[in-house]
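A.B. asks:
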Amino acid sequence: MAKPKKRYVCQACGGVSNRWQGQCPDCAEWNTLAEDAPATVFSMKHDLSSGGRAVEFVELDKPGALPTRQPTGLAEFDRALGGGLVPGSAILLGGDPGIGKSTLLLQAAAKIARGGHGVVYVSGEEAAGQIRMRAARLGLSDAPIKLAAATGVRDILTTLGSMDAPKLLVIDSIQTMHSDTIEGAPGTVSQVRGCAFELIRYAKENGVGLVLVGHVTKDGSIAGPRVLEHMVDVVMSFEGERSHQYRILRALKNRFGAVDEIGVFAMAGEGLEEVDNPSMLFLSGRDEPMAGSAVFPAIEGTRPVLVEIQALIVRLQSGATPRRAVVGWDSGRLAMLLAVLESRCGLNFSSAEVYLNVAGGYRLSDPAADLAVAAALVSAMADKPLPPRSVWLGEVSLAGEIRPVAHGGLRLREAAKLGFDRGFGPADVKGGSEALTYDGLGQLANLVDRIIGNS
Ligand code: TYD
Ligand code: MG
Numbered sequence: 003m004a005k006p007k008k009r010y011v012c013q014a015c016g017g018v019s020n021r022w023q024g025q026c027p028d029c030a031e032w033n034t035l036a037e038d039a040p041a042t043v044f045s046m047k048h049d050l051s052s053g054g055r056a057v058e059f060v061e062l063d064k065p066g067a068l069p070t071r072q073p074t075g076l077a078e079f080d081r082a083l084g085g086g087l088v089p090g091s092a093i094l095l096g097g098d099p100g101i102g103k104s105t106l107l108l109q110a111a112a113k114i115a116r117g118g119h120g121v122v123y124v125s126g127e128e129a130a131g132q133i134r135m136r137a138a139r140l141g142l143s144d145a146p147i148k149l150a151a152a153t154g155v156r157d158i159l160t161t162l163g164s165m166d167a168p169k170l171l172v173i174d175s176i177q178t179m180h181s182d183t184i185e186g187a188p189g190t191v192s193q194v195r196g197c198a199f200e201l202i203r204y205a206k207e208n209g210v211g212l213v214l215v216g217h218v219t220k221d222g223s224i225a226g227p228r229v230l231e232h233m234v235d236v237v238m239s240f241e242g243e244r245s246h247q248y249r250i251l252r253a254l255k256n257r258f259g260a261v262d263e264i265g266v267f268a269m270a271g272e273g274l275e276e277v278d279n280p281s282m283l284f285l286s287g288r289d290e291p292m293a294g295s296a297v298f299p300a301i302e303g304t305r306p307v308l309v310e311i312q313a314l315i316v317r318l319q320s321g322a323t324p325r326r327a328v329v330g331w332d333s334g335r336l337a338m339l340l341a342v343l344e345s346r347c348g349l350n351f352s353s354a355e356v357y358l359n360v361a362g363g364y365r366l367s368d369p370a371a372d373l374a375v376a377a378a379l380v381s382a383m384a385d386k387p388l389p390p391r392s393v394w395l396g397e398v399s400l401a402g403e404i405r406p407v408a409h410g411g412l413r414l415r416e417a418a419k420l421g422f423d424r425g426f427g428p429a430d431v432k433g434g435s436e437a438l439t440y441d442g443l444g445q446l447a448n449l450v451d452r453i454i455g456n457s
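Heads up, the sequence shown is in the working numbering, so the first residue is 3 and it goes up one at a time.
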């Protein structure tokens, strides 16, 4: 029999090559190919049609108790999950390093353990002492969590097999786990896949809610094979800017619930606090609507983010050349918008200094932000605030038309979820939200009329 050929698997996308290459031919990432176990060669001798055990069929309406969801006690976590942990299900939680995954899971674990349920927390990243220190800081030291620092899946499963199955098993993280039946270092595709498979099988057989923490690559997808996302029931991502306080927990896939609910948390000194009224997040510190400020529902990759755009206009007395300064946006695009506002809407910026700032250190490159920028400029010019809790989206053409944008409906639904109730943009947006009144402006001139005209 021919010797099975070596094969190389991309650690980012799972693509297979027969030789090592610097760049993955499938996803174009660099230095991601690693040698993997040879593919199994199947032959005609593989006859699986006899010698197996009989499989039991069940009716959908079979009498008896259905598995009930176990609330974690963190309402925002449960909301994102669609109502709590389903026994025997596997959740993959991804997120940037240091975003708070371990903190979130330790808090959820403590809530469940305090409710009298068994909880096992296995960390392959931190020593037990470090986790105890974190628990002390979070005020969770008294929670009866079974805590271990381990990376061997065989050791973990042997130990779990000799005790009562817990309600919740946390594995932090799947990339640190190692199975001695599989070749390769922890974190390689075959190790991640193999370890996840064994842990998920244990969870399904014992009705345990399993949470696997997954590292993410720099483009935000979960590191390791894509197949990991297929193996689990729920894929969640924990998002936010590390330098900012707020964190959003979002389900990207959920076999037991909807994926459009988000959970919002704030990282504080004593761990994560739930934010049950997320609209406060953007309104706090700004009780009164301010002139020159407009909110734009941005999309970052797959994640919607609401961004505040601030404009300031200073009228010059003398004939000095006015300044234009932009932070977080393209200055060429600002010049274009000012020209459109001048020539199509009759506004005059020629003797005014214009400052534009995207709050929070964001960099916007999406042309859909045009209208929000224009709204901020016109509002600053007129010294009139825009309607409270309003969002603005749309690309502005040189002719002064407001053009449709990608994911318009999704942006509006996210804005509505975060407490915004008015939207302005292109004439027609499909799939908005009932909680949000939408105004199709069509032409930039209509925006100017709205803000300056009917005072
Ligand atoms: P962590 O949960 O370790 O992140 P992850 O597991 O996703 O890598 O969170 C680490 C960050 O959270 C760290 O930068 C400090 C911050 N933090 C707080 O601000 N307050 C706290 O009470 C805790 C425990 C962490
Ligand atoms: Mg961690």
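Glycine included, each C-beta is placed from N, C-alpha and C at the ideal position.
#1: Going by the CB atoms, is the gap between Glu276 and Glu78 shorter than 8 angstroms?
#2: Measuring from the CB of Ser239, is there a heavy atom of the ligand NAD at a distance below 7 angstroms?
#3: Run through the DSSP bridge pairs and tell me what Asn256 is partnered with.
#4: Less than 8 angstroms between C-beta atoms, sequence neighbours within five positions excluded: which residues of the same chain meet that for Gln193?
#5: Hey, how far is the Cα of Leu349 from the Cα of Ser381?
#6: DSSP has His217 in a bridge; who is on the other side?
#7: Whole angstroms is fine: what's the gap from Ala150's alpha carbon to Leu438's?
#8: Per the contact definition of three or more C-beta pairs closer than 8 angstroms, is the segment 237-256 in contact with the segment 18-35?
#9: Please classify Met383 as buried or exposed, where buried requires at least 16 neighbouring CB atoms within 10 angstroms.
#10: So that I know if they touch, is there some Cβ in chain C lying closer than 8 angstroms to that of Asp385?
#11: State the DSSP-derived secondary structure class of Val380, mapped to helix, strand or coil.
#12: Output the residue ranges of the beta strand (DSSP E) runs that lie fully inside the segment 377-420 and measure 3 residues or longer, sorted by chain position.
#13: Tell me which residue opens and which closes the alpha helix (DSSP H) that Lys432 is part of.
#14: Nearest to Gly163 by alpha carbon, out of Ile453, Glu61, Gly209, Asp144?
#15: When burial is assigned at 16 or more other CB atoms within 10 Å of the CB, is Gly378 buried or exposed?
#16: For the beta strand (DSSP E) that Leu35 lies in, which residues bound it at each end?
#17: For Leu95, tell me which candidate among Phe59, Arg156, Ala56, Val218 has the shortest Cα-Cα distance.
#18: Would you say Asp98 touches the ligand MG, meaning its beta carbon is less than 7 angstroms from a heavy atom?
#19: Applying the 10 Å Cβ sphere with the 16-neighbour rule, what's the burial state of Glu241?
#20: Rounded to a whole number of angstroms, what is the C-alpha to C-alpha distance between Ile158 and Asn256?
#21: Assuming Gly85 contacts Gly259 (C-beta within less than 8 angstroms), just tell me the rounded distance between them.
#22: Taking DSSP as the reference, what is the three-state secondary structure of Leu340?
#23: Ignore the nearest five residues each way along the sequence and tell me which others in Ala92's own chain have a CB closer than 6 angstroms to its CB.
#24: Taking the CB atoms as reference points, tell me whether Gln109 and Leu140 lie closer together than 8 angstroms.
#25: Could you check whether Gly75 and Lys103 sit closer than 8 angstroms to each other, using their CB atoms as the reference points?
C.D. replies: Well, looking at it:
#1: yes
#2: Looking for the ligand NAD in the displayed structure turns up nothing; the ligands present are the ligand TYD and the ligand MG.
#3: Val236
#4: Met179, His180, Ser181, Ile184, Gly186, Ala187
#5: 12 angstroms
#6: Gly97
#7: C-alpha separation (whole angstroms): 48 angstroms.
#8: no
#9: buried
#10: Although the question refers to chain C, the structure presented lacks it and comprises just one protein chain.
#11: helix
#12: 392-394
#13: Taken as a continuous stretch (DSSP letters only), Lys432 belongs to no alpha helix (DSSP H), as it is neither H nor E.
#14: Gly209
#15: The sequence shown places Ala at residue 378, not Gly. With 16 or more other Cβ atoms within 10 Å, it is buried.
#16: 35-38
#17: Closest by alpha carbon: Val218.
#18: False, no ligand heavy atom lies under 7 angstroms from that Cβ.
#19: Of the other Cβ atoms in all chains shown, 16 or more fall within 10 Å of the Cβ of Glu241; this residue is therefore buried.
#20: 26 angstroms
#21: 6 angstroms
#22: In this structure, DSSP gives Leu340 a helical state, which the three-state scheme calls helix.
#23: Ile202, Ala205, Leu212, Val234, Asp235
#24: For Gln109 and Leu140, yes; Cβs fall inside 8 angstroms.
#25: no
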